[in-house]
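According to our numbering, the residues represented by the sequence shown are 17 to 628, in order. All C-beta atoms in this analysis are idealised placements derived from N, C-alpha and C, irrespective of residue type, glycine included. The structure under discussion appears below in the form of structure tokens.
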Amino acid sequence: MALVIAASGPVLAQNAGKRNSPDSASFEIVRSHTDIDVAADGSYVQAEETAVRVLDSRSQKAFQQTTLAYTEGLQSLAVEDAYTLKANGEKIPVPQDQIMKGAGATSAPGFEDDKTLTIVFPRLDIGDEVVLTTLRKQIVPLFTGAFATRLDFSRAVKTDDTEITLTSPKSGYPLKIDAVGFDSDHVADYAGKTRRVWHYHNDNVATFPLDSVLASDDQPHLTVSSFPGYDAVGKAYGAHFAGKADVTPAIQSLADQITKGISERRAQAKALYDWVSANISYVNIVLGAGGFTPHSAAQVLSLHYGDCKDHVMLLQALLTAKGISSNAALIAAGGPFVLSAVPSPFYFNHLITYVPEFRLYLDSTAHYAPFGVLPLTDIDRPVLLVPDGTVSATPNNSADQSTGKTTLKVKFDPDGTANGEMQMSLTGTAAIVNRELIDAIPPDREKELFQISLGAGADASLDRGNIRSQSDPFSYSVHYRVPNVANFGGPGAVSAAFGVGSFNASSLAFLGLMPSSRQLPYACPSGLVSEDDILEFPSSIQITSLPAPVSIAADGMRFDMHYQTKDPHTVVGTIAMRTDHPRAFCTPEYYAGVRADLGKIAAALHGQILYK
């Protein structure tokens with residue numbers, strides 16, 4: 017992902033969120049003073065002092081070591097002061113010779129300009145503060161003659177004293193400003209320039225459900241931009257991308273080789289996308305060399321790796337070699353669904369490809385994503401096409417574009433042991449998510465993972481399927497054995513949601529987290545999930561009762577569940593849930609309208625099979 021050089025802001029708090037992610041109750045911002053002095057050519061000097069108090073072991077670990085990044089040649093970065101402030105007032109400085117200098121996210125050739133400074137705060141205990149003062153200089157403007165920045169603060173974090181000062185040329189430099197949650201700005205003349213000052217504090221800490229969607233403009237923020245519109249942002253990026261996707265003889269030869277024997281144009285595009293996705297390693301550069309400037313397609317082909325910008329340049333060059341036009345498309349992957357009111361390059365964090373001939377968005381950095389299928393983080397989000405600056409949006413999924421089909425077979429031994437086999441088949445976005453999840457499980461941790469959901473005595477094995485294939489469906493299976501699931505010595509029951517499947521205990525846990533109401537939009541991706549269950553009991557057992565059939569239809573969703581006996585000792589069931597929403601998020605008003613139905617679904621899945 018990672019396209020741009022990070023905008024300014026309270027670096028300590030931002031770094032904490034990126035690593036161990038302490039929650040809002042884990043730390044508080046005592047002081048955050050930022051002073052930015054902008055020159056007419058777009059270069060600037062930014063001085064910042066931040067003090068953060070750690071409140072528990074999570075933030076203690078997160079803030080103990082802080083790493084700052086910059087691009088050598090474009091920027092300079094100095095740590096002017098860093099110390100631990102003990103709760104009793106003692107100040108423990110970090111010596112300058114103990115500030116570690118290093119490479120950025122990678123030391124791979126082509127990214128040598130990425131540099132870091134790492135500060136380790138000494139004797140940091142709960143209740144202490146980490147205090148950091150830095151001076152960053154943007155020596156070479158990111159965009160010639162233009163300036164933009166964005167500073168974000170969370171209502172979930174207690175903030176005592178925030179002050180932002182911006183000094184800019186007095187004339188001929190119009191700025192668009194969007195300040196939310198700040199006191200009214202104070203404007204004054206200063207040394208022939210205009211100085212603006214904003215203040216912010218937050219005493220009333222808010223909490224949000226984990227699935228809440230916080231649009232950037234909903235949170236306290238300050239966005240400043242000299243760009244008159246998003247078309248200007250697109251053109252400015254176009255200047256950085258110009259000539260980077262040129263077709264060289266080597267690229268033409270490769271395109272011809274990849275598409276040999278393929279005449280249909282969409283099939284050619286698919287073959288080229290598949291090759292880039294499979295053969296060009298993705299280097300996730302948070303702070304890339306020339307943050308907005310990619311390597312040339314020829315360089316990327318030579319290196320066989322690159323960041324998102326590099327992926328897009330090579331794919332664009334290969335497509336061009338076959339006469340298929342494409343655009344680079346800026347996107348806020350995993351970010352808000354609404355474009356920022358002020359046109360700023362800092363809204364975007366990722367670059368993907370748009371092929372207008374097929375009306376397709378492609379993300380070759382999403383290693384598990386088949387041609388024409390986007391990962392969840394890219395779905396239903398605004399995009400800015402480069403270089404023309406057209407604002408558009410990636411499509412939302414329909415239910416049929418993200419499906420999961422489960423077949424679950426469980427045989428119970430007379431001693432109450434359950435022997436289970438789960439077969440899962442997935443398509444579209446659901447397949448991408450599951451490929452990622454399965455691939456992330458260390459082989460030596462499989463049994464431990466399934467014991468969490470099935471119980472400490474469980475024994476389980478995972479057949480991962482063909483994770484590397486980008487063809488749908490993606491299938492995998494789980495085989496497990498769980499002792500003491502049932503007591504067949506007398507009347508009893510087993511849960512209809514027993515085992516590993518689409519509608520198991522983890523599903524119930526998620527449904528059980530339903531808040532009484534919502535104040536913010538929340539993620540509600542569309543999809544179709546279905547499950548066929550076969551539960552075989554010992555011949556000595558008689559089934560006495562089954563969960564009642566359930567059919568629930570509500571706005572944007574439908575749930576059906578039905579169990580029956582196949583023979584005196586075998587129960588078969590079918591469960592399906594379809595969600596089809598016009599957007600990838602739902603509103604608090606929608607939630608209020610369907611919450612009762614969600615509760616009925618949760619209750620239905622708690623049904624039990626009774627026996628004697």
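Residue i in three-state terms, based on DSSP
i: residue 106; result: coil
i: residue 316; result: helix
i: residue 208; result: coil
i: residue 397; result: coil
i: residue 435; result: strand
i: residue 290; result: helix
i: residue 468; result: helix
i: residue 456; result: coil
i: residue 462; result: helix
i: residue 340; result: coil
i: residue 577; result: strand
i: residue 12; result: Summary: the structure shown does not reach residue 12, with the chain confined to residues 17 through 628, and so no result is reported for it.
i: residue 543; result: strand
i: residue 380; result: coil
i: residue 161; result: coil
i: residue 327; result: helix
i: residue 235; result: coil
i: residue 415; result: helix
i: residue 445; result: helix
i: residue 182; result: strand
i: residue 4; result: For the chain, the structure presents residues 17 to 628; residue 4 sits outside this window and is missing.
Rounded straight-line distance, which links the Cα of residue j to that of residue i
i: residue 494; j: residue 460; result: 15 Å
i: residue 98; j: residue 81; result: 12 Å
i: residue 210; j: residue 46; result: 28 Å
i: residue 114; j: residue 148; result: 14 Å
i: residue 241; j: residue 161; result: 11 Å
i: residue 314; j: residue 621; result: 55 Å
i: residue 390; j: residue 554; result: 46 Å
i: residue 237; j: residue 184; result: 19 Å
i: residue 462; j: residue 348; result: 34 Å
i: residue 566; j: residue 587; result: 16 Å
i: residue 608; j: residue 538; result: 12 Å
i: residue 180; j: residue 324; result: 32 Å
i: residue 304; j: residue 292; result: Its pLDDT being 36, under 50, residue 304 is placed unreliably by the model, and nothing is read from it.
Counted within 10 angstroms of its Cβ, other Cβ atoms place residue i as buried (16 or more) or exposed
i: residue 294; result: exposed
i: residue 288; result: buried
i: residue 106; result: exposed
i: residue 116; result: exposed
i: residue 366; result: buried
i: residue 581; result: exposed
i: residue 66; result: buried
i: residue 464; result: exposed
i: residue 202; result: exposed
i: residue 479; result: exposed
i: residue 177; result: exposed
i: residue 453; result: exposed
i: residue 226; result: exposed
i: residue 215; result: exposed
i: residue 108; result: exposed
i: residue 320; result: exposed
First through last residue of the beta strand (DSSP E) which encompasses residue i
i: residue 589; result: 586 to 595
i: residue 69; result: 60 to 70
i: residue 139; result: Taken as a continuous stretch (DSSP letters only), residue 139 belongs to no beta strand (DSSP E), as it is neither H nor E.
i: residue 497; result: 490 to 498
i: residue 570; result: 566 to 570
i: residue 95; result: 91 to 101
i: residue 508; result: 508 to 511
i: residue 43; result: 43 to 54
i: residue 409; result: 407 to 409
i: residue 152; result: 145 to 154
i: residue 627; result: 624 to 627
Boundaries of the alpha helix (DSSP H) in which residue i is found, first to last residue
i: residue 249; result: 246 to 257
i: residue 605; result: 604 to 621
i: residue 269; result: 265 to 274
i: residue 74; result: 73 to 80
- Query: Can you find at least 3 beta carbon pairs, one from the stretch 356 to 371 and one from the stretch 383 to 402, that sit closer than 8 Å?
  - Reply: yes
- Say whether the stretch 85 to 92 touches the stretch 190 to 210, bearing in mind that this needs 3 or more beta-carbon pairs closer than 8 Å, one atom from each stretch. no
- Message: Measuring CB atoms only, is the stretch 404 to 413 touching the stretch 535 to 547, in the sense that at least three cross pairs come out at less than 8 Å?
- Response: yes
- Query: So, do the stretch 151 to 161 and the stretch 51 to 69 have three or more beta carbon pairs nearer to each other than 8 Å?
  - Reply: yes
- Query: Is the stretch 491 to 507 touching the stretch 430 to 438 in the sense that three or more CB pairs, one from each, lie closer than 8 Å?
  - Reply: yes
- Within the chosen definition, does the stretch 568 to 581 reach the stretch 610 to 621 through at least 3 CB pairs nearer than 8 Å? yes
- Query: Looking at C-beta atoms only, is the number of pairs between the stretch 331 to 338 and the stretch 356 to 365 that lie closer than 8 Å three or more?
  - Reply: no
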